[in-house]
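Mapped onto my numbering, the consecutive letters of the sequence shown carry residue numbers 149 to 270. Yeah, the Cβ is synthetic: ideal placement off N, Cα and C, and Gly gets one too. Report on the following structure.
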Amino acid sequence: MLPLLFGVGVGALAVRQGIRFASAAGMSIPRMSRLFQLSNMRGLEGFEQTMSRSEARKILNLGQTQLSRDNIQKHHRQLLLSNHPDRGGSTYIASKINEAKDFTAKSSTALHSLGPPFNCAE
Numbered sequence: 149m150l151p152l153l154f155g156v157g158v159g160a161l162a163v164r165q166g167i168r169f170a171s172a173a174g175m176s177i178p179r180m181s182r183l184f185q186l187s188n189m190r191g192l193e194g195f196e197q198t199m200s201r202s203e204a205r206k207i208l209n210l211g212q213t214q215l216s217r218d219n220i221q222k223h224h225r226q227l228l229l230s231n232h233p234d235r236g237g238s239t240y241i242a243s244k245i246n247e248a249k250d251f252t253a254k255s256s257t258a259l260h261s262l263g264p265p266f267n268c269a270e
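Given below as structure tokens:
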């Protein structure tokens, strides 16, 4: 492990010196600061203040068509097993997973209680 760290350190110093010599010789070095801006990381926002339907589906990793009770329970169980506080997971994340399951189950039963969508052809 130590030789690997040493090799990475020497490589980083070599790149740094190469950039210094190139800029001293008048060569223009492209800036890469835009590459590492946080605004480029789409989908990595925090949780919303109040749970929305889309956030609940994102948390449970469900698509628009996967809102059956079995799919909700299956995804909830998988996520909660890997993020449970008794297994080293976060209490906050586990509560968000539970909240997403409750919200999704509640909204999907409300949608199914409306019946099939209205069809003008009938």
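{"query": "Simplified DSSP state of Glu247, which is helix, strand or coil", "result": "helix"}
{"query": "Helix, strand or coil at Glu157 according to DSSP, with G and I counted as helix", "result": "Going by the sequence as given, residue 157 is Gly instead of Glu. Residue state, collapsed to three classes: helix."}
{"query": "Inter-stretch contact at 8 Å, needing at least 3 Cβ pairs: the stretch 207-224 / the stretch 159-172", "result": "no"}
{"query": "Limits of the unbroken alpha helix (DSSP H) element including Glu203", "result": "Arg201 to Leu208"}
{"query": "Span of the alpha helix (DSSP H), counted from its first residue to its last, around Arg217", "result": "Arg217 to Asn231"}
{"query": "Rounded separation between Thr198 and Asp218 - CA only", "result": "25 Å"}
{"query": "7 Å CB neighbourhood of Lys244 in its chain, flanking five on each side removed", "result": "Phe195 and Ile207"}
{"query": "Distance between Pro233 and Ala204 (C-alpha atoms, nearest Å)", "result": "20 Å"}
{"query": "Nonlocal neighbours in the same chain, by C-beta distance under 6 Å from Ala253, ignoring five residues either side", "result": "Ile220"}
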